[in-house]
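Reviewing the structure listed below.
As structure tokens, this is what we get:
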């Protein structure tokens with residue numbers, strides 16, 4: 010029987026009514042919620058330092074509305090809302106159940122917290138060595154601890170840092186008994202998990218062709234109907250807003266990925282083998298995903314306190330904007346030496362001039378800088394207008410990914426405080442090669458040319474972008490597989506730099522995904538030390554795809570008809 014896995018949260022701060030909507034909107038078997046972005050771990054660390062919970066309290070607010078119904082209907086609840094304190098969150102769930110007069114079996118998955126361990130702190134992206142003391146260090150655990158908890162009878166499973174897709178793969182292992190070497194089935198569940206992990210982004214939210222999506226104000230959250238072979242159908246409850254189409258699912262598959270080999274602790278899922286089919290309105294079948302053995306390392310998300318920063322933003326209007334930006338900066342640095350700061354970032358994206366200063370000394374980056382900017386107000390460019398008041402510096406954290414041997418990390422599971430064994434995963438034989446494995450790949454005709462017109466690239470191309478630590482990804486696709494040959498030929502790395510000149514100084518990797526009629530670009534270093542430390546106005550590169558779609562390009566004329 011199909012396992013219906015429903016998502017009710019894509020990030021810490023998502024719609025609080027979503028859990029109730031998913032439970033009351035139609036039949037489901039598992040309710041999942043993703044609370045943990047890379048930034049969230051740093052936020053929770055800050056909360057913990059202030060004496061607040063190290064988990065997501067909003068999870069409990071959602072749970073209060075649905076726990077009784079879920080227990081009555083046998084709906085399992087799986088969430089990573091435990092953050093830095095899964096056991097504390099599990100205890101809070103038990104207290105909630107007691108207060109509501111309910112009996113719930115609650116599991117906690119721990120073992121991800123490596124803080125204080127002697128780790129090799131070499132950055133997995135850049136090769137740099139960290140000499141600061143980590144504030145947090147959490148390994149990305151896989152799905153098998155979740156499956157073990159469910160097998161032991163847990164009604165609610167609370168985890169710390171696990172992969173986002175593990176929230177779907179874990180219930181899949183529990184229901185279907187997948188072995189560690191059932192790589193294709195595991196890979197299919199990872200694809201399903203990746204699609205629904207960000208909530209409404211799979212059902213039309215943040216979609217490039219958003220004018221085609223009905224009732225976004227009441228967008229329904231996604232459901233993955235997971236089958237025993239790992240294939241799935243992505244859908245949503247009837248009567249909800251949004252839409253589930255090949256396009257919306259493609260957009261989410263391209264979100265925050267790198268190479269088509271999507272690495273995880275349970276399996277490597279080869280996203281270039283995914284096949285999508287519009288089975289019916291609001292029903293997209295995901296099949297054909299191939300998998301191979303996981304790497305022998307786990308990624309660890311390390312966060313440390315980077316220092317203090319202060320940002321002032323000025324609005325420039327009228328004529329001679331570049332000259333006005335120059336005059337504004339001269340006036341500021343005449344009052345406070347630029348050399349006083351560890352780092353200075355100046356971003357001029359008309360009409361905004363943003364100046365960010367960073368220092369290990371809170372006083373250096375503090376009110377003295379922001380007040381100096383205000384002091385120039387009557388002796389600067391015409392039309393001087395500040396958008397930020399003077400203020401003190403604020404601390405910022407740095408995300409630092411490292412790798413550890415997978416064998417050095419042991420997940421621990423307790424159900425109602427009693428330890429549960431987590432079977433070790435053995436991986437036999439060699440995996441599929443990076444190229445040449447026998448997945449079903451699209452046969453795409455080459456582009457043979459024809460008349461072109463100058464038009465916005467977004468008139469024929471969709472895009473979605475996001476953050477991967479200090480890197481950004483930019484997924485681009487066409488809505489007709491017959492147009493992919495043109496996209497693959499036209500949008501080269503050099504062409505992308507031409508269309509987005511700000512990327513000129515960054516290393517770009519380009520990957521082809523013909524099954525999705527898509528390309529994916531990774532922009533290395535665009536976000537510096539990660540979202541928490543990035544001085545960019547768009548620190549998670551969410552707008553990068555739309556910037557590209559707005560650029561004029563030579564588009565085949567017949568694609569516009």
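Residue numbers (my numbering): 10 to 570.
C-beta: ideal position from N, C-alpha, C; glycine also.
Nearest neighbour of residue 541 by Cα position, chosen from 349, 181, 248, 50, turns out to be 50. In this structure, the CA atom of residue 182 is about 48 Å from the CA atom of residue 356. In the DSSP secondary-structure assignment, residue 12 is bridged to 235. Contact between the region 461-481 and the region 532-550 is present: three or more C-beta pairs spanning the two stretches fall below 8 Å. Taking a contact as a CB-CB distance under 8 Å, the pair residue 569 and residue 464 counts as one, their CB atoms being some 6 Å apart. For residue 482, the pairing in a beta bridge is given by DSSP as 475, 531.
If only uninterrupted beta strand (DSSP E) runs of at least 3 residues are considered, those enclosed by the region 409-440 are 421-424, 427-429. Taking residue 254 as reference, the option from 405, 137, 210 with the minimal CA-CA separation is 210. In this structure, residue 413 lies away from residue 420, with their beta-carbon atoms at least 7 Å apart.
In this structure, 428 is the residue among 428, 392, 404 with its C-alpha nearest to the C-alpha of residue 120. The three-state reading of DSSP puts residue 271 in strand, counting E and B together. The C-beta separation of residue 402 from residue 433 comes to about 48 Å, leaving the pair out of contact by the 8 Å criterion. Segment contact: the region 294-303 against the region 270-285, three or more CB-CB distances shorter than 8 Å; contact assigned. If you draw a straight line from the Cα of residue 556 to the Cα of residue 186, it is about 45 Å long.
The distance from the Cβ of residue 295 to that of residue 241 is about 5 Å, consistent with a contact at the 8 Å cut-off. Closest by C-alpha distance to residue 213, out of 139, 513, 244, 103, is 244. The Cβ neighbour count for residue 567, taken over all protein chains shown within 10 Å, is under 16; the residue is labelled exposed. Burial check for residue 394: the Cβ neighbour count within 10 Å stays below 16, so the residue is exposed. Considered as a whole, the region 344-423 harbours 352-358, 361-368, 403-414 as its complete beta strand (DSSP E) runs of no fewer than 3 residues, in chain order.
The beta-carbon separation of residue 177 and residue 117, rounded to 19 Å, does not stay under the 8 Å limit for a contact. Judged by DSSP in its simplified three-state form, residue 243 adopts strand. Within a 10 Å sphere around the beta-carbon of residue 318 sit 16 or more other beta-carbons, which makes this residue buried. Annotation for residue 502: 517, 519 place their beta carbon closer than 7 Å to its own, counting only its chain and skipping 5 residues before and after. Counting other Cβ atoms within 10 Å of its Cβ, residue 153 reaches 16 or more and is therefore classed as buried.
Under the 10 Å beta carbon count, residue 30 is surrounded by 16 or more other beta carbons and is classified as buried.
Restricting attention to beta strand (DSSP E) runs no shorter than 3 residues, the region 188-239 encloses them at 231-235, ordered along the chain. In this chain, the beta strand (DSSP E) harbouring residue 521 covers 517-522. For residue 143, same chain residues with a beta-carbon under 8 Å away, outside a window of 5 residues either side, are 124, 128, 130, 311, 312, 313, 409 in chain order. In the three-state reduction of the DSSP assignment, residue 132 falls in the coil class. Taking 7 Å as the cut-off, the beta carbon of residue 291 is found no closer than this to the beta carbon of residue 239. In the displayed model, residue 287 falls within a strand according to three-state DSSP. Under the three-state reduction of DSSP, residue 83 is assigned to coil, being neither helix nor strand. Our two residues, residue 335 and residue 15, have alpha carbons roughly 52 Å apart in a direct line.
Taking all protein chains in view, the Cβ of residue 47 is crowded by 16 or more other Cβ atoms within 10 Å, so the residue is classified as buried. According to DSSP, residue 147 shares a beta bridge with 122, 310. By the neighbour-count definition (other C-beta atoms within 10 Å, threshold 16), residue 107 is an exposed residue.
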